[in-house]
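Asker: As you go down the protein sequences, you meet chains A and B in turn. 507 is the number of the first residue of the first sequence in the working numbering; add one for each residue after it. 507 is the number of the first residue of the second sequence in the working numbering; add one for each residue after it. The structure follows.
2 protein chains.
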Amino acid sequence: MTKTDQAYAIIQLIRPVHRRLARAVETKLAGSGISVGMRAVMEILAVKGKSSVPEIARNLFLKRQQIQLLVNELEAKGYLERGPNPAHKRSPLFALTKDGLSEFERIRQTENMELEALVTPLSQAELASTEVVLRQLLEHFSAFEDDPDNLGSLE
Amino acid sequence: MTKTDQAYAIIQLIRPVHRRLARAVETKLAGSGISVGMRAVMEILAVKGKSSVPEIARNLFLKRQQIQLLVNELEAKGYLERGPNPAHKRSPLFALTKDGLSEFERIRQTENMELEALVTPLSQAELASTEVVLRQLLEHFSAFEDDPDNLGSLE
DNA sequence: GTCAACATGACAATACAATTGTCAAATAAG
DNA sequence: CTTATTTGACAATTGTATTGTCATGTTGAC
């Protein structure tokens, strides 16, 4: 089993894992009126604080147009509020409202319980290696991005 | 950094990695008239040999309806041919034609060259751990599958 | 052997994420 | 000052996957 073969096996797993993960998150979110994408936006705001739409897009490796739609929905639900952006008059900074934050924390809590069971049979070293490999994948295949909007920072 | 936090970081990477991977594969496939899904079906047939549509679906963790569409397209392109299925009169077994096989091998070859560069900075141990973790993710979140069609075997 | 449960092909409709395209206003860079 | 870039806003489109349905084939219980 060469390293190339191993990489190949990993790549084949990405699609099904992604799909099941998305479905699981959806299931957990069902009824809350929050989609997987909306949840991701809330995450960025919870971690990074106030951000403009294009900033969020870069963090999530998505187009700003996609984020715009999610932000609009979240704002309509009262989970986000806009504030002035000293750096750009037309591009407001969005932040979680009190409602948004508590909703997000509720979500995170149920997710964490789910994760406890998931990680039990896995070692810290395995998890650390996985993150390294996934980041390498992300970076390597960024070469295929034609749109600079999609070249998010990896910190 | 707890294991739960690590798992969380990994989960957040799955979506962007999946998207970039899909785009990279598409780019490589551009012009050949083969989509990512069609390529995945060819892969199964190359590895597992003759299979029925539902069998392929289980292998790829997808619904048979989805596979049916891909198989139809591949057959129309002359990359697949159907043969009798001793186990089921109405459900033929599909196999790669000579054309299909050579096309698939051509694809695999260019992919392998790409992978060489990808795996260079990664160790065998890291890659092995990643596969373990991804399989655990896949298995764990299979609990959210309501459709038995989607419960593919992990061998 | 008969009948009920299940698997499959075939086709249609839909949902959802993501992309592409476009234009005007704001900003940055030279 | 002039030009290029960034951004918001809106529209249209694509691609993957799901859901629903029906007729036919298959399997297993009895």
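Every residue, glycine too, gets a C-beta built ideally from N, C-alpha and C.
#1: Return helix, strand or coil for E587/B, following the three-state DSSP convention.
#2: Please say whether Q630/B and V625/A have beta carbons closer to each other than 9 Å?
#3: Name, please, each residue of chain B whose Cβ falls closer than 7 Å to the Cβ of F647/A.
#4: Note down, in chain order, each residue of its chain lying with its Cβ closer than 6 Å to the Cβ of V566/A, except the 5 sequence neighbours on either side.
#5: Are the C-beta atoms of Q602/A and some chain B residue less than 9 Å apart?
#6: Exposed or buried, which one is Q615/A when buried takes at least 16 other CB atoms within 10 Å?
#7: If you measure from the beta carbon of P590/A to each beta carbon in chain B, is any gap under 9 Å?
#8: Check whether the Cβ atoms of S558/A and H594/A sit closer than 9 Å, and answer yes or no.
#9: Grouping DSSP H, G and I as helix and E and B as strand, with all else coil, what is L568/A?
#10: My output table needs one value for A536/A: the three-state DSSP class, helix, strand or coil.
#11: For F600/A, which beta-bridge partners are listed by DSSP?
#12: Scan the segment 544–576 of chain A for residues whose Cβ lies nearer than 9 Å to a Cβ of chain B and list them as they occur along the chain.
Answerer: Concretely, from the data shown:
#1: strand
#2: no
#3: R526, L527 and A530
#4: Checking the sequence shown, residue 566/A turns out to be Leu, not Val. Closer than 6 Å at the Cβ level, and outside the excluded window around L566/A, lie A546.
#5: The question names Gln, but residue 602/A in the sequence shown is Leu. Taking Cβ atoms only, chain B never reaches closer than 9 Å to L602/A, which makes this a no.
#6: exposed
#7: No, because no Cβ of chain B sits closer than 9 Å to the Cβ of P590/A.
#8: It is a contact, given that the beta carbons lie within the stated cut-off.
#9: coil
#10: Per DSSP, reduced to three states, the secondary structure at A536/A is coil, with no helix or strand assignment.
#11: S557/A and R588/A
#12: A546, E549, L566, F567 and L568
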